[in-house]
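Here the protein sequences come in this chain order: A and B. Okay, so the first sequence: first residue is 8 according to the numbering used here, each after it adds one. Okay, so the second sequence: first residue is 29 according to the numbering used here, each after it adds one. The beta carbon of each residue, even a glycine, is placed where N, CA and C say it ideally should be.
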Amino acid sequence: MSRACYRVVARILPRDFRDAAGPGLEDAALACLAREREHLGVIGIVTGWVRIIADTIHTSHALWRARDEAEDERAFVALELEDLPNRQRGVEALMDGLRKDLRYTLRSLFRQPGFTLVTILTLALGIGANTAVFSVVNGVVLRPLGYPEAERLMFITSQFPSLGFDQFWVSPPEFIEYRDRNQSFESIGAYATSAVNLGSDPPSRPVSAQVSPELMPTLGVAPLMGRGFTAEDAIPSAPPVAILSWELWQRSFGGRADILEKDVEVNNRATRVVGVMPPGFDIHDQKVEIWGPLTIDTQTLQNQRGSHFLYLVGRLKKGVSLEQARADLEVRLAAWPEEVPNTHVPRRSKLRNNHPMRIDPLKDDVIGSVKTALVVLQAAVGFVLLIACANLANLLIARADSRSREYTLRTALGASRWRLMRQLVTEGLVLAVAAATVGIGLAVGGLRLLLSVNPNALPRTAEVGLDWRVLGFTLIMAIVTGFVFGLVPLMHIGRGLSQAMKDAGSRSATGGAARARLRSGLVIVEVALAVLLVVGAGLLIRSFYNLMKVDMGFDRTSLSTFSVVLPGAKYPTERRVAFYQQLSDKLRALPGVEGVTAANGLPPLRPVNANDTDFEHIPNLNGPPPPDYKLPPQNVDYWQFVTLGYTETMGIPVVDGRTFQLPDLAGAPVVLVNQALVARFFSDRNPIGARLKLGFDFGDTKLPWMTIIGVVKDVKQGGIDAPVGTELYALIEQGARIAGFAPGSMNMLVRAKTPFETLAPLFRRSVAELDPTLPLVRMRTMDEVVGDAVARPRFLTVLLGVFAGLALLLAAVGTYGILSYLVAERRQEIGIRMALGADRSTILKLIMTRGVILSVIGLLLGLGASLALTRALKTMLFNVEPFDPATLAGVSGVMVMVAAVACFVPAWRATKTDPLVVLKND
Amino acid sequence: MPATPAPLPPHWFQMLLALADRDLHGLGIMHDVLERSGGRVRLWPAMLYRNLQRLERSKLIAPVDGPTAPSPGSPRYYRLTAEGRKRCAEEAERLERLVEVARARRILRKPGSSRA
Chain A
8 MSRACYRVVA
18 RILPRDFRDA
28 AGPGLEDAAL
38 ACLAREREHL
48 GVIGIVTGWV
58 RIIADTIHTS
68 HALWRARDEA
78 EDERAFVALE
88 LEDLPNRQRG
98 VEALMDGLRK
108 DLRYTLRSLF
118 RQPGFTLVTI
128 LTLALGIGAN
138 TAVFSVVNGV
148 VLRPLGYPEA
158 ERLMFITSQF
168 PSLGFDQFWV
178 SPPEFIEYRD
188 RNQSFESIGA
198 YATSAVNLGS
208 DPPSRPVSAQ
218 VSPELMPTLG
228 VAPLMGRGFT
238 AEDAIPSAPP
248 VAILSWELWQ
258 RSFGGRADIL
268 EKDVEVNNRA
278 TRVVGVMPPG
288 FDIHDQKVEI
298 WGPLTIDTQT
308 LQNQRGSHFL
318 YLVGRLKKGV
328 SLEQARADLE
338 VRLAAWPEEV
348 PNTHVPRRSK
358 LRNNHPMRID
368 PLKDDVIGSV
378 KTALVVLQAA
388 VGFVLLIACA
398 NLANLLIARA
408 DSRSREYTLR
418 TALGASRWRL
428 MRQLVTEGLV
438 LAVAAATVGI
448 GLAVGGLRLL
458 LSVNPNALPR
468 TAEVGLDWRV
478 LGFTLIMAIV
488 TGFVFGLVPL
498 MHIGRGLSQA
508 MKDAGSRSAT
518 GGAARARLRS
528 GLVIVEVALA
538 VLLVVGAGLL
548 IRSFYNLMKV
558 DMGFDRTSLS
568 TFSVVLPGAK
578 YPTERRVAFY
588 QQLSDKLRAL
598 PGVEGVTAAN
608 GLPPLRPVNA
618 NDTDFEHIPN
628 LNGPPPPDYK
638 LPPQNVDYWQ
648 FVTLGYTETM
658 GIPVVDGRTF
668 QLPDLAGAPV
678 VLVNQALVAR
688 FFSDRNPIGA
698 RLKLGFDFGD
708 TKLPWMTIIG
718 VVKDVKQGGI
728 DAPVGTELYA
738 LIEQGARIAG
748 FAPGSMNMLV
758 RAKTPFETLA
768 PLFRRSVAEL
778 DPTLPLVRMR
788 TMDEVVGDAV
798 ARPRFLTVLL
808 GVFAGLALLL
818 AAVGTYGILS
828 YLVAERRQEI
838 GIRMALGADR
848 STILKLIMTR
858 GVILSVIGLL
868 LGLGASLALT
878 RALKTMLFNV
888 EPFDPATLAG
898 VSGVMVMVAA
908 VACFVPAWRA
918 TKTDPLVVLK
928 ND
Chain B
29 MPATPAPLPP
39 HWFQMLLALA
49 DRDLHGLGIM
59 HDVLERSGGR
69 VRLWPAMLYR
79 NLQRLERSKL
89 IAPVDGPTAP
99 SPGSPRYYRL
109 TAEGRKRCAE
119 EAERLERLVE
129 VARARRILRK
139 PGSSRA
């Protein structure tokens, strides 16, 4: 093992050296390693290898140098002379030539370890960052979904334009009618996701999906073992069955093969496991771990028109395009009202009951808006690489200058332009490939870090990784970089070559003006690109700042939360209410607790309810509304069930009327409403005392009217960046009377001075004391809840910020580099000026002006480009315009400052020039 | 005044000393130097072999057949050449003269004991 490792390390040494040393070299190395381990133990393994490697590199360097000192000029003379007879002898000669180029390149890079190291590291950073971002782009955007022929899978949703719902669920009758009558799909399956209490030890709460028997065949995935769901499983009276995900099977059941036909406890019901899905199977990136049959009661189908809770996935028939499917859907929408005698069917109409459906590729829906963001990131990181390249090109030009003697000599010996070009490109490629190798390592590490820090910021993160496409991308990037790199100095050599030959050896060997223009151009481009990135990052940072400044409507400091879910089988409505009250009492008794409450929806990001709500003062329509109908549709976005003390514990101010009080628990049904609801439904009247109720009278249930007793401040429920929806608050204690049920899932909210770490185990104990089978889920502070809600914008802001910082740094280094070079080149002039009496400030001004002019040109170009390009950021911005004058001004200020610092150091050094020394040397 | 030979690099001197009374291969030289110096002078493999090559090129040592029949897997043995022995002795004398000076000036007290 060690011998094999050392054999690899020893490759650094020249071959002839290794051959001469023979096997004794390896023996000696092993003896050294053994001794080190004996003396220092485990640490010795590390120090031993470090010293062995140091010894190898040191010796190898010494060997090369010793050889170079003697053979330097002879080496490339020999290179050309050897090559002479080989010219024009086809592929073999070319390969031989390449091998020689490679050897010569490696040697010349070894001779300048500083240059080589800086170049490789800079490039590796650029290539690594590009590889990391590209592997995200690849996994999330480019790679097809993990189903067979996934491009034929479509996501089918409904719409309620009058309520502002662009992609809404589909109701069971709509699903069945569309499934049976459409012409475009091979099959359509329906699903609804939630989560279940799984009776394992400790109790867990995996994400679950209720799926129609068609869903898995539609996706084209069969269970790994066991069977899929059948039509019999989907009958409401059928015995409960479940299919496990591979991951859950492994984690909770140890991957036991005898799990099939065994019963597991799901929501306190014995449920038979009939199958296990293959690893990684999921729907819509929901991380579903347990699958159950979707039971639809076909007897009461027509009564379920108002309950939209299904998403549909369809597989297009072979040869049917998305456009054809959409056209077919329009035909359906037109025929639907005639085939089904009901006012609530999908249709496209100019009236209020407009309720069309839409078809989108499943992949587009899974990825959503993140595509733009990732494209922006990829562009940003590409710019960083360009800036790095510009810097390194500058470095290479400087190096080419110092090597002009060598080039001249080789040209004189008969090396063609092509020969020199090949040599330079080989150098560029060797550097770039070395950098790409290191860069891939950086990318792997960076990616892991990125995803572990921000697991929720992106969809499909499980599919992000290095594959052949990413590696191909990196390779192509490296090759292009290598070519660009190698050829930039050649551009300049090509021009300067004949000149160089004329006065080979003299200091002003090459045409200075052209070279200076090229280098200045590179700096301008660098600065412009950096400005572009910094503007982009500035906009995102401002936008994120605005997001964090948004008044969420409640006070989240020292507030923590967890949720419990009471399975219906064990907890009917009356027991639920009792449970929440007992739990609240227990929590209230914990140390430092100031208030306890519960709510079924957790701000600032919760699913919408969109419950039909009958307002007493708005006349109900039977049939289509008149053309000039202006009243809003009677529907409320959020029905928030809470316990007594909600507004007080959450710190939500009551704007008008009063909040819930103790007598309300047993009293007449009452609700609180938010300001958005008042603005929508009570623009012309006082809401206090007005009445409303859940839904329109359906079936036999007659729900009671509820009286509005107060108006509270708006709370963000649909996301921090979204406008506030209409919301009403009802007491769960009244739930049985006003809605026929109390929610089985509640978020407990506790305000306490005690730190969360102390509270968390106490929360667990409190719940376990009441019912040890109940899992606690999503236990965290409200600060974390809000943090999760902004995970994606934060992810983008941080990444773009890092890239912009990197760009700024590189541009500063580039500016610094060119000015240092300028100073070195004009030493003589500066010396003469100083000898003639110019004072320091004159010299300072002379150099600074040059640098600042370059930076300002770059800045202006960058600002211009950003005006054109930041529009791409528009969808990612919040309360900031792409042309935000404050950001542009701020960025300009930062750039000028950075440029000033980068210019000042070389300029100041120029003032230290001793005219005597300079003049004597010339 | 006879030209004083240039001092030998200390690790060369150590390596030559190791070969003074017997033929050794690289690993043997390494161990000998290590033991004599009480673990203070360590020759790392690449450095050791580079210096062996330089010593050989300077004709101070020469490769010889080892005690066993040479095979592809067996290490090479080295022997001190006459020139090597001479240089080694010169270096020892040079050092001895220095030690005498040190004694004369009472840096060292009696022969053989140092103030380590």
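The beta carbon of A909(A) sits no closer than 8 Å to any beta carbon of chain B.
One finds A35, A36, C39, R58, I59, A61, D62, T63, H65, T66 in chain A with Cβ atoms closer than 9 Å to the Cβ of W72(B), taken in chain order. Beta bridge pairing from DSSP links G282(A) with G233(A), I250(A).
At a Cβ-Cβ threshold of 8 Å, M755(A) and L566(A) do not count as neighbours. Of F689(A), N607(A), A342(A), G31(A), the smallest CA-CA separation from L638(A) is found for F689(A). When Cβ-Cβ separations below 8 Å define contact, R78(B) makes contact with chain A.
With 16 or more other Cβ atoms from the protein chains shown falling within 10 Å of its own Cβ, M223(A) counts as buried. Around P103(B), the same chain offers H53, G54, L55 as residues with beta carbons nearer than 7 Å, after the five sequence neighbours per side are excluded.
In the DSSP assignment, Q647(A) forms a beta bridge with Y736(A). Within the region 44-72 of chain B, those residues whose Cβ lies closer than 7 Å to any Cβ of chain A are, in chain order, H53, G54, L55, M58, W72. Cβ-Cβ distances below 8 Å link V784(A) to A202, R212, F569, S570, V571, V572 in the same chain, with the five nearest sequence neighbours on each side left out; the list follows chain order. Nearest C-alpha to A277(A) among S191(A), L710(A), A245(A): A245(A).
Contact check for Y105(B) against V92(B) passes: the beta carbons are separated by less than 8 Å. Close CB contacts of I695(A) within its chain, under the 8 Å cut and outside five residues either way in sequence, are with D663, G664, I715, I716, G717, V718 (chain order).
Residue nearest to R70(B) within the set G48(A), I52(A), V49(A), R58(A) is R58(A) (criterion: CA-CA distance). In this structure, the beta-carbon distance from S873(A) to L529(A) does not fall below 8 Å. Under the three-pair Cβ rule at 8 Å, the region 835-847 of chain A does not count as touching the region 876-888 of chain A.
Taking R406(A) as reference, the option from K294(A), G493(A), R110(A), M559(A) with the minimal CA-CA separation is G493(A). For the beta strand (DSSP E) assignment, the region 846-910 of chain A encloses no uninterrupted run of at least 3 residues.
Residue-level contact by beta carbon holds for A28(A) and chain B, with a gap shorter than 8 Å.
Within chain B, the C-beta atoms nearer than 8 Å to that of G31(A) come from H53, G54, L55, Y77, P103, R104, in chain order. Proximity of chain B to A11(A) at the Cβ level (cut-off 8 Å) is not reached, the minimal Cβ distance being about 15 Å. Under the rule that a run must span 3 or more residues, the beta strand (DSSP E) segments found entirely inside the region 48-102 of chain B read 89-92. The criterion of a C-beta distance shorter than 8 Å is not satisfied by F182(A) and L369(A). The beta carbon of L20(A) sits closer than 8 Å to some beta carbon of chain B.
Remark: C-beta atoms of D644(A) and T733(A) approach each other more closely than 8 Å. The Cβ of L807(A) sits no closer than 8 Å to any Cβ of chain B. R137(B) counts as exposed, since fewer than 16 other beta carbons sit within 10 angstroms of its beta carbon.
In the displayed model, F192(A) falls within a strand according to three-state DSSP.
Separation of the CB atoms of W256(A) and V283(A) is rounded to 5 Å, and the pair is thereby assigned contact status at 8 Å.
As a beta-bridge residue in DSSP terms, F172(A) pairs with F167(A).
The Cβ atoms of L651(A) and A796(A) do not sit closer than 8 Å to each other.
Close CB contacts of V445(A) within its chain, under the 6 Å cut and outside five residues either way in sequence, are with A131 (chain order).
A Cβ of chain A is located within less than 8 Å of the beta carbon of Q81(B). What L70(A) touches in chain B, judged by beta-carbon distance under 7 Å, is R78, going in chain order. Of the other Cβ atoms in all chains shown, 16 or more fall within 10 Å of the Cβ of R339(A); this residue is therefore buried.
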